[in-house]
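Q: Take this structure, written in structure tokens, and hold onto it; I'll ask about it next.
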Amino acid sequence: MAEFVILATAEEVAEAAAAEIAEALRDGAKTLVLTGGTTPKRCYELLSTLEVEWGRVAVLFGDERCVPPDHPESNYRMAKETLLDHVSPATVYRIPAELGPEEGADLYAEVVDYAAPLDFVLLGVGEDGHIASLFPGHPALEADGLTAGIRDSPKPPPERVTLTLEALRDAHRVLVMATGTGKAAAVAMARRGESPSGMIAGARWLIDRAAAGQ
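Going letter by letter, the sequence shown gives residues 255 to 468 in this note's numbering.
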């Protein structure tokens, strides 16, 4: 069963998430999977100030839009500007999504397989309940292997590369962040197991009161 922890504000969610990630890395986690979107941005800013032995940490990504790494919509660019430019991980494995969904997914599957096991995965959740680039009702939910290329994402841009449910479920720890009233419906769906975000049984959720519908 997933665990849901309700905190008062979005800032408290960001603080708690950053603290949990730092603690996991200090306790020996060697692979950290980052997510994109707006919710984790503050978490990354806070995490960059915490004491972590980054020199033994490999950083990966849960999904990426098929854009160049310096594009404003790039998940890698956001993480680089808010976290990675301020710390020195041993390795940063970005998704080469600019090569296209299929080639990017194939190349990144080799990286994920090499870096496995995934010790700590951070995820956000969309208002429709998607995690990474796994959208409700999309065929990618049934994809085999560790990665999937997507050409018809219901949310722009349409072309993406994502880790699969299989890869996420095999991770040692999965932490999902959700804040704001716009995420309340997604949280409710996850609690009922009615969306991709509710399909990872052992996930731990940090949500604020607004996302909890309070």
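For each residue, glycine too, the CB sits at the ideal point set by N, CA and C. Values in this document were obtained by computation on a predicted structure and should not be read as measured data.
(1) Exposed or buried, what is Y362 when buried is set at 16 or more other beta-carbons lying within 10 Å of its beta-carbon?
(2) Going by C-alpha to C-alpha distance, which of L395, G391 and G358 sits closest to E413?
(3) Would DSSP call E318 helix, strand or coil?
(4) Where do the ends of the alpha helix (DSSP H) carrying D360 lie?
(5) Run through the DSSP bridge pairs and tell me what D462 is partnered with.
(6) In chain order, what residues of the same chain lie with their CB nearer than 6 Å to the CB of T285, ignoring the 5 residues before and after it?
(7) In whole angstroms, give me the CA-to-CA distance for L279 and L304.
(8) Assign L300 to one of three DSSP states: helix, strand, or coil.
(9) For A402, I'd like the list of residues in its chain whose CB is within less than 7 Å of its CB, leaving aside the five on either flank, ordered along the chain.
(10) Among R310, T263 and A351, which has the Cα closest to the Cα of G316?
(11) What does L286 pair with, by DSSP beta-bridge criteria?
(12) Among the candidates E274, H426 and V441, whose CA atom is the shortest distance from the CA of T433?
(13) For G391, which three-state DSSP category applies?
(14) Just to confirm before moving on: does the CB-CB distance between E299 and T336 stay below 8 Å?
(15) Would you kindly work out how many angstroms separate the C-alpha atoms of E274 and R319, rounded to a whole number?
(16) Between the Cα of A425 and those of H384, E396, G456 and E269, spot the shortest distance and give me the residue it belongs to.
(17) Report the three-state DSSP secondary structure of T401 (helix, strand or coil).
(18) Going straight from the alpha carbon of L338 to that of H384, what length do you get?
(19) Less than 6 Å between C-beta atoms, sequence neighbours within five positions excluded: which residues of the same chain meet that for H340?
(20) Around the Cβ of A397, are there at least 16 other Cβ atoms within 10 angstroms (buried) or fewer (exposed)?
A: This is what the structure holds:
(1) buried
(2) Among L395, G391 and G358, the Cα nearest to that of E413 belongs to G358.
(3) strand
(4) P355 to A369
(5) L261
(6) A312, A369, L372 and D373
(7) 11 Å
(8) In the structure shown, L300 sits in a helix (DSSP, three-state: H, G or I).
(9) Excluding positions up to five away in sequence, the list reads A359, A394, T416 and T418.
(10) A351
(11) V313 and F374
(12) Looking at the Cα atoms, V441 is the closest of the given residues.
(13) coil
(14) yes
(15) One C-alpha to the other measures close to 27 Å.
(16) G456 is the residue among H384, E396, G456 and E269 whose C-alpha sits nearest the C-alpha of A425.
(17) strand
(18) 25 Å
(19) S302
(20) buried
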